[in-house]
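Using the working numbering, read the sequence shown as starting at 1 and increasing by one per residue.
Beta carbons: idealized from backbone N, C-alpha and C, even for Gly.
Read the structure below first, then the notes.
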Amino acid sequence: MHRATADNERCRPRRSAGHCEHGRSRGCPATHDASDPLGGQPLCPDCYDYPAHILWHAHAGRLWKAFTDNLYNHLAARTGRTRTGLRRSVRISYAKVAEYQKRAAVHVHAVVRLDGATGPSDPPPVWVSAEDLSAAVRTAAAAVHLHTPYAWGLGEHGLRWGSELDARPLRAFGGNEGLADDAIAAYVAKYVTKGAAETAIGLDRPITSPDDIATGRLSAHVRTLIRTCWRLGGLSELDPLRLRAWSHTLGYRGHILTKSRVYSTTYAALRAERAQHQRNTVVPDLADVPSTVTETHWRYVGSGHAPGAALIAAGIAEDLAQTRQLFAEARREEGEWSR
Ligand SMILES: [Zn+2]
Ligand SMILES: [Zn+2]
């Protein structure tokens, strides 16, 4: 893929990259900034594995499930417990957000939280640390290997998480009480606005005929992804994936934000809590945060405040300003592509 970078890095500076069978270079010495429509497009559309991209999206839910299943096993092995013993002593919960990257692939951000057996009011046992959890997240994700159902003419694809995996402990600032729920919610909130249509990656409604794909305002790459999704949706072996119904999201069927049961009040509560922060701390006004996506998919449990929460909230305001700018750029690009 062509890479858009903020710091003028070269895209794919391979000296002896050579050419693919379609005569296209396997390297790219150029630099692409965020406004360059080439960023996130494949070096060679004929070499790019479009079916694999769609099939990965269509199985993202299973990949996540396999990861969370593994997580208890890996944490048990790491702390020298049995899985059953571990499950009696700790509860793992998460909030996750799926974000479309520029290359139109879904990327998952998740906050994984470890508590004692009865939940957030119960501290985790002393024999398991945040580092143990981070390490278990890494190994549990790396151990996920799934296969797509065999389809005639398509074969069977192996599926796993990508190599770009980053796991690190989140902590409250200046306290050992763990990160406050509102800080966790805030961390997650910054990705909530990035749905498929919002980032100009997919379309905002289901596709009913191939004509929709031809007329939509899309980059060549996304158009090919949607067309591939629609075409694969015609294979009876792949019926359970409902690829035609989900062509507009490039095969991805998940919510943009999902969470386990522990995170469950409303976004309004988060706002109210932020208003309360402002009495004691300087927090930028977040009133103009787009709320269309968040109101339906966003659930979170409010609790006390930690200084860290205000700092993270301040970071979010900056991120959102940047995100809005990216949206504007994406719209302009869209305009260019559709001409
Ligand atoms: Zn390039
Ligand atoms: Zn090629």
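Under the Cβ criterion (8 angstroms, minimum of three pairs), the segment 81–92 counts as touching the segment 118–127. Those residues whose C-beta sits under 7 angstroms from the nearest heavy atom of ligand 2 are, from N- to C-terminal order along the chain, 20, 21, 22, 24, 44, 46 and 47. Taking all protein chains in view, the Cβ of residue 141 is crowded by 16 or more other Cβ atoms within 10 Å, so the residue is classified as buried. Within the chosen limit of 7 angstroms, ligand 1 does not reach the beta carbon of residue 221 with any heavy atom. Residue 4 and residue 101 have their C-alpha atoms spaced approximately 11 angstroms apart. Residue state for residue 19 is assigned as strand, using DSSP reduced to three classes.
Closest by C-alpha distance to residue 19, out of 1, 252, 44 and 40, is 44. Boundaries of the alpha helix (DSSP H) harbouring residue 132: 130–142, taken from the DSSP string. Apart from sequence neighbours up to five positions away, the residues of its chain that approach residue 233 with a beta-carbon distance below 6 angstroms are 243 and 244, ordered along the chain.
Taking the Cβ atoms as the reference, residue 128 lies roughly 7 angstroms from residue 75, within the contact range of under 8 angstroms. Annotation for residue 226: no beta strand (DSSP E) segment contains it, though the alpha helix (DSSP H) segment containing it runs 220–232.
Rounded to the nearest whole angstrom, the CA to CA distance from residue 238 to residue 81 is 39 angstroms. Beta-bridge analysis with DSSP links residue 158 to 147. With a threshold of 7 angstroms, the Cβ atom of residue 30 counts as near ligand 1, since some heavy atom of the ligand is closer than that. Remark: C-beta atoms of residue 23 and residue 221 do not approach each other more closely than 8 angstroms. Relative to ligand 1, the beta carbon of residue 38 is positioned inside 7 angstroms of a heavy atom. About 18 angstroms separates the CB atoms of residue 250 and residue 161; that is not less than 8 angstroms, and the two are not in contact.
For the pair residue 86 and residue 68, the Cα-to-Cα distance works out to about 14 angstroms. The three-state reading of DSSP puts residue 59 in coil, since its state is none of H, G, I, E or B. The continuous alpha helix (DSSP H) containing residue 214 extends over residues 210–215. The alpha carbon of residue 60 has as its nearest neighbour, out of 159, 213, 210 and 35, the alpha carbon of 159.
Out of 31, 6, 26 and 228, the CA that lies nearest to the CA of residue 15 is found in 26. Counting the other Cβ atoms within 10 Å of the Cβ of residue 169 gives fewer than 16, which makes it exposed.
Secondary structure of residue 115 (DSSP, three-state): strand. If the five residues before and after residue 42 are omitted, its C-beta is found closer than 7 angstroms to the C-beta atoms of 1, 48 and 221, all from its own chain and listed in chain order.
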